[in-house]
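In my numbering, the protein residues as written are 1 to 55.
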């Protein structure tokens, strides 16, 4: 995917939370949860990115 289209991978929730954090002056480290559901039987793998701090 071209970098010019990668913004489409951003969720509206993420943008809303970013705007709220900025408006509230929240600049400290934030904590988020990670949740993965069981894969469907026909899917043999899960692709992830940006998990350095999770692992």
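For every residue, glycine included, the Cβ atom is placed at its ideal position computed from N, Cα and C. Bear in mind the structure is a predicted one, so any value in this text is a computation, not a measurement.
Query, Result
"Check residue 29 in the structure and name its three-state DSSP category.", "coil"
"Can you tell me whether residue 39 is helix, strand or coil according to DSSP?", "coil"
"Our contact map puts residue 46 next to residue 36 with C-beta atoms below 8 Å; I'd like the distance itself, whole angstroms only.", "7 Å"
"From the DSSP output, in three-state form, read off residue 20 for me.", "helix"
"Return helix, strand or coil for residue 14, following the three-state DSSP convention.", "helix"
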